[in-house]
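Order-wise, the sequence lines are chains D and W. In my numbering, each residue's number is its place in the first sequence (first place is 1) plus 289. In my numbering, each residue's number is its place in the second sequence (first place is 1) plus 289. Each residue gets a CB set at the ideal place from its N, CA and C atoms; glycine is no exception. What you are looking at is a predicted structure, and each value in this text was computed from that prediction instead of being measured.
2 protein chains.
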Amino acid sequence: MALAAEILGDRWTLLILREAFYGVCRYDDMREDLKAPRSTLTDRLNSLVARGILEKQPYQEAGDRVRQAYVLTEAGRGLALTFLALAQWGEAHVTGGAAPVAVLDRETGAPLRVALVDEGGRAADPARAALRLRN
Amino acid sequence: MALAAEILGDRWTLLILREAFYGVCRYDDMREDLKAPRSTLTDRLNSLVARGILEKQPYQEAGDRVRQAYVLTEAGRGLALTFLALAQWGEAHVTGGAAPVAVLDRETGAPLRVALVDEGGRAADPARAALRLRN
DNA sequence: CTATCTGAGTTCAAAATTGAAACTTAGATT
DNA sequence: AATCTAAGTTTCAATTTTGAACTCAGATAG
């Protein structure tokens with residue numbers, strides 16, 4: 290987890306990834322949302338690309354030249370569970386109220402949540418979980 | 290999630306919390322494990338206490354004076370799912386190999402994992418999840 | 001063809017943060 | 001009275017971050 294800490298252990302990186310999950314993928318849109326300094330934003334975006342969490346995709350809008358969009362890679366999308374767990378924690382322990390986003394089943398509209406499950410895919414009581422160091 | 294980012298968006302804070310989850314709770318033990326500068330460690334521990342994620346508990350060892358231990362509060366323990374999801378991600382996308390820790394059911398010893406579940410506690414396909422902004 | 005606009009950066013000085021090492025403190029032990 | 005230890009403070013140089021101004025490349029307007 291030390292590497293994960295190195296990647297995520299940065300205020301801007303975390304916020305940039307949140308933007309990416311919301312679908313914001315253009316430099317200037319992120320800059321405006323986050324009010325991050327340009328040089329820092331450029332630096333963090335490059336790091337995330339170098340680590341394979343974001344990738345640049347050229348896109349072109351009508352009557353405009355080609356530009357780069359920053360989109361989540363497969364590995365980047367893999368962080369979704371972590372973000373959802375974090376949002377769920379924030380809702381329960383920090384904001385105290387309802388979080389600004391909810392996770393729903395795209396088809397039934399039923400609410401979903403992050404939980405610990407056993408091999409059969411049944412939610413397990415977190416109190417039963419034990420950490421075991423591998424060797 | 291902005292507040293969560295403010296709390297966790299820091300390399301040392303993330304590592305300190307990992308120590309706390311492993312059960313390390315003494316200043317000098319953390320300092321040695323993390324090789325963090327004293328001033329930074331003191332600063333981060335104080336922040337975590339101020340935010341109610343860690344708390345100081347006085348303890349006394351035989352023939353020694355009272356000292357303070359830093360232990361996770363209820364809110365702090367609530368971050369476990371987030372950490373497990375992050376460890377799971379690291380295992381799948383960063384280290385490529387087996388993570389150093391596994392989560393097991395304390396009683397049956399069966400492996401557990403973090404997943405998205407529906408209201409009935411059944412694991413749901415992450416691809417079916419959709420974010421919905423509340424208003 | 002010259003001027004202007006926009007997204008996506010660079011560059012640079014000033015301010016904030018970090019890191020390493022030395023110093024402090026309060027009790028317990030020698 | 002001197003020494004040891006856990007848990008900090010203090011100090012100060014080195015690094016990082018910020019904010020503001022500047023650059024660049026192509027599209028479009030006049």
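Exercise for the section: Could you tell me which uninterrupted beta strand (DSSP E) segments, each at least 3 residues in length, are contained entirely in the region 320-383 of chain D, listed from first to last along the chain? Expected result: Taking 3 residues as the shortest admissible run, the region 320-383 of chain D contains the following complete beta strand (DSSP E) segments, listed from N- to C-terminal end: 343-349 and 355-361.
Practice task
Leaving aside the five residues before and after D/T362 along the sequence, list all residues of the same chain whose C-beta is less than 8 Å from its C-beta, in chain order.
Solution key: Position 73 of the first sequence, counting from 1, holds the residue named residue 362 of chain D. Taking C-beta separations shorter than 8 Å and ignoring five residues to either side along the sequence, the partners of D/T362 in its chain run G341, I342, L343 and E344, following chain order.
Problem - Candidates D/A358, D/E396, D/L303 and D/P415, of which the one nearest D/P347 by Cα - result: As a working note, residue 347 of chain D is residue 58 in the first sequence. Nearest C-alpha to D/P347: D/A358.
Problem - D/A391: first and last residue of the uninterrupted beta strand (DSSP E) it sits in - result: If you number the first sequence from 1, residue 391 of chain D lands on position 102. Element bounds for D/A391: V390 to D394.
Handout entry: Span of the alpha helix (DSSP H), counted from its first residue to its last, around W/A255
Key = Residue coverage of chain W in this structure runs from 290 to 424, which leaves residue 255 of chain W outside it and unanswerable.
Practice task
Tell whether a beta-carbon distance below 8 Å holds between D/L330 and D/Y316.
Solution key: Here residue 330 of chain D is taken as the residue at index 41 of the first sequence, counted from 1. Here residue 316 of chain D is taken as the residue at index 27 of the first sequence, counted from 1. Contact: yes.
Practice task
Please confirm whether any heavy atom of the ligand NAP lies closer than 7 Å to the CB of W/V338.
Solution key: The ligand NAP is absent from the structure shown, which contains no ligand whatsoever.
Handout entry: Member of D/L337, D/L370 and D/E380 whose CA lies at the smallest distance from the CA of W/A416
Key = If you number the second sequence from 1, residue 416 of chain W lands on position 127. Comparing alpha carbon positions, the residue from D/L337, D/L370 and D/E380 closest to W/A416 is D/L370.
Problem - First through last residue of the beta strand (DSSP E) which encompasses D/A404 - result: Here residue 404 of chain D refers to the residue found at position 115 when the first sequence is read from its first residue. First-last of the beta strand (DSSP E) with D/A404: R402 to V406.
Exercise for the section: Could you work out which residue in W/R421, W/R366, W/A309 and W/E396 is closest to W/R333 when comparing CA atoms only? Expected result: Numbered from 1 along the second sequence, position 44 holds the residue referred to as residue 333 of chain W. Among W/R421, W/R366, W/A309 and W/E396, the Cα nearest to that of W/R333 is on W/A309.
Practice task
Check the Cβ-Cβ distances between D/D322 and every residue of chain W, and say whether any is below 8 Å.
Solution key: For the purposes of this step, residue 322 of chain D is taken as residue 33 along the first sequence, with counting starting at 1. Not one chain W Cβ lies under 8 Å of D/D322.
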